[in-house]
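Reviewing the structure listed below.
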Amino acid sequence: MRAVRLTHWGGPPAVTEVERPAPRGEEVLVRVEAAGLCGSDLHVLAALPGALPYRPPFTLGHEVAGRVAELGPDAVGPRAGERVVVYGPWGCGRCGHCAAGAENYCDRRAALDAVRTGTGAGLGRDGGLADYLLVPSGRLLLPVGDLDPTQAAPLSDAGLTSYHAVAGLRPTLGDTGGDSERGTGGGHSERGTGAGASVAVIGVGGLGHLAVQVLRATTSARVFAVDVREEAITLAHECGAHFGTVVRADTADVLRKRAGDVGVDAVLDFVGTAATLRLGLSVLRAGGELVLVGSGGGELTVRKPGALPPGLRISLPFWGTRPDLERVVALARSGALRVTTERFPLSRASEAIDALRSGAVRGRAVLVPD
Ligand code: NAD
Ligand code: ZN
Ligand code: ZN
Numbered sequence: 003m004r005a006v007r008l009t010h011w012g013g014p015p016a017v018t019e020v021e022r023p024a025p026r027g028e029e030v031l032v033r034v035e036a037a038g039l040c041g042s043d044l045h046v047l048a049a050l051p052g053a054l055p056y057r058p059p060f061t062l063g064h065e066v067a068g069r070v071a072e073l074g075p076d077a078v079g080p081r082a083g084e085r086v087v088v089y090g091p092w093g094c095g096r097c098g099h100c101a102a103g104a105e106n107y108c109d110r111r112a113a114l115d116a117v118r119t120g121t122g123a124g125l126g127r128d129g130g131l132a133d134y135l136l137v138p139s140g141r142l143l144l145p146v147g148d149l150d151p152t153q154a155a156p157l158s159d160a161g162l163t164s165y166h167a168v169a170g171l172r173p174t175l176g177d178t179g180g181d182s183e184r185g186t187g188g189g190h191s192e193r194g195t196g197a198g199a200s201v202a203v204i205g206v207g208g209l210g211h212l213a214v215q216v217l218r219a220t221t222s223a224r225v226f227a228v229d230v231r232e233e234a235i236t237l238a239h240e241c242g243a244h245f246g247t248v249v250r251a252d253t254a255d256v257l258r259k260r261a262g263d264v265g266v267d268a269v270l271d272f273v274g275t276a277a278t279l280r281l282g283l284s285v286l287r288a289g290g291e292l293v294l295v296g297s298g299g300g301e302l303t304v305r306k307p308g309a310l311p312p313g314l315r316i317s318l319p320f321w322g323t324r325p326d327l328e329r330v331v332a333l334a335r336s337g338a339l340r341v342t343t344e345r346f347p348l349s350r351a352s353e354a355i356d357a358l359r360s361g362a363v364r365g366r367a368v369l370v371p372d
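Under our numbering, think of the first position of the sequence shown as 3, with each following residue one higher.
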């Protein structure tokens, strides 16, 4: 089968022929129908040796949908032929967090990293930019029904990570109960202004354009979008943003004004560079929350007394939980979430990676085995 592999740090990814794995024990083999390209893939490709706790060679691709092709003798869960999306953060499966479905926060992650087995599909372990993906257990597969695979694949990271990042903000942003399980019916929080709240989304790429939709579907907040690309702002509007602006010298002032001069209740930073952290902090109101998702390498000094907004809360969400993924899939199936995709055949993976790197992708680039 074909696989897009990182063979050595810094090297270009290579489309190579590898042996198709056979599932043993609890493993499940998935025939890949679509795999998304993530901003994180660019970080992996640009990483210097030692920067990440993985050991090449491994197959890239951590956002995967397909059909169950073959089950190991002890596999439980999905049926052969069933359409599934892959829950990508593969934890130990046994610690407290994993037992609760939060393998993204597996307590043994450091230990798993230390033995360099990798922390999930396409991140140290062989991923889904390939014809087939070997998944360690059926617990990591969720049925998606008749959802198109190119829609389903991006839900497992771009959708899931955005959903998880927004979920923590819902009490502050006026939870409208837009999905069945978490909704509390539009309450006001002690810290935020509930229904009158506002949020800035910085970076409207693969993750950001879905975050805008999740915010609209599950909160009553006013959503302001910021990007360096004009077409990303157009996309933000299509996704339901109330206001969008390309970054300029006066962007912080413009956003604060939009937020009634006090500043926004929350910032979702999907870039995470020094520049976006600075912008985010300068538009947050006192008591606001900075949610840092992007891995742009920007650093923040936390000190009291200092220049940070009083009452500031910072969170560093990573990916999402399996129950979150179930809700994301449900939102997509209800039509509340629609991924904007650009499709590339798997054989043209390097072209897709170049397009993502140069800012030429609208929404998510999705690779389809050809
Ligand atoms: P993407 O390339 O699709 O989107 C990034 C967007 O940010 C683009 O629209 C780009 O134009 C915009 N942008 C770049 N510089 C900007 C700036 N200075 N100001 C405003 N906008 C700017 O990438 P993506 O797949 O959406 O991933 C976004 C980030 O999130 C990456 O750093 C990725 O590694 C990270 N990520 C984190 C997690 C997590 O669990 N924490 C999960 C997935 C991705
Ligand atoms: Zn990712
Ligand atoms: Zn665990």
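Quick reminder that beta carbons are idealized off the backbone N, C-alpha and C, glycines included.
- At least one heavy atom of ligand 3 lies less than 7 Å from the C-beta of residue 108.
- Nearest C-alpha to residue 181 among 50, 308, 337, 145: 337.
- Around residue 139, the same chain offers 28 as residues with beta carbons nearer than 6 Å, after the five sequence neighbours per side are excluded.
- Under DSSP, no beta-bridge partner is assigned to residue 105.
- The three-state reading of DSSP puts residue 317 in strand, counting E and B together.
- Less than 8 Å divides the Cβ of residue 276 from the Cβ of residue 301.
- With a cutoff of 8 Å on beta-carbon distance, residue 290 and residue 270 are scored as not near each other.
- Relative to the non-hydrogen atoms of ligand 3, the Cβ of residue 280 never comes closer than 7 Å to any of them.
- Counting other Cβ atoms within 10 Å of its Cβ, residue 117 stays below 16 and is therefore classed as exposed.
- Close CB contacts of residue 298 within its chain, under the 6 Å cut and outside five residues either way in sequence, are with 273, 274, 275 (chain order).
- For ligand 2, a non-hydrogen atom lies closer than 7 Å to the CB of residue 42.
- Between residue 322 and residue 162, the C-beta spacing is below 8 Å.
- Short note on residue 297: C-beta closer than 7 Å to some heavy atom of ligand 1.
- Contiguous alpha helix (DSSP H) elements confined to the segment 17-70 occur at 41-48, taking only those with 4 or more residues.
- The three-state reading of DSSP puts residue 123 in strand, counting E and B together.
- The beta-carbon distance between residue 6 and residue 351, rounded to whole angstroms, is 5 Å. This is short enough to meet the 8 Å contact definition.
- Separation of residue 48 and residue 144 (C-alpha to C-alpha, rounded to the nearest whole angstrom) is 31 Å.
- A distance of 8 Å or more separates the beta carbons of residue 203 and residue 230.
- Pairing residue 78 with residue 142 gives a Cβ-Cβ distance that is not under 8 Å.
- Here DSSP, grouped into helix, strand and coil, assigns residue 98 to helix.
- In the displayed model, residue 295 falls within coil according to three-state DSSP, outside both helix and strand.
- Rounded to the nearest whole angstrom, the C-alpha separation of residue 127 and residue 134 is 13 Å.
- Spatial neighbours of residue 237 in its own chain (CB-CB distance under 7 Å, excluding positions within 5 residues in sequence) are listed in chain order as 206, 211, 342, 364, 365.
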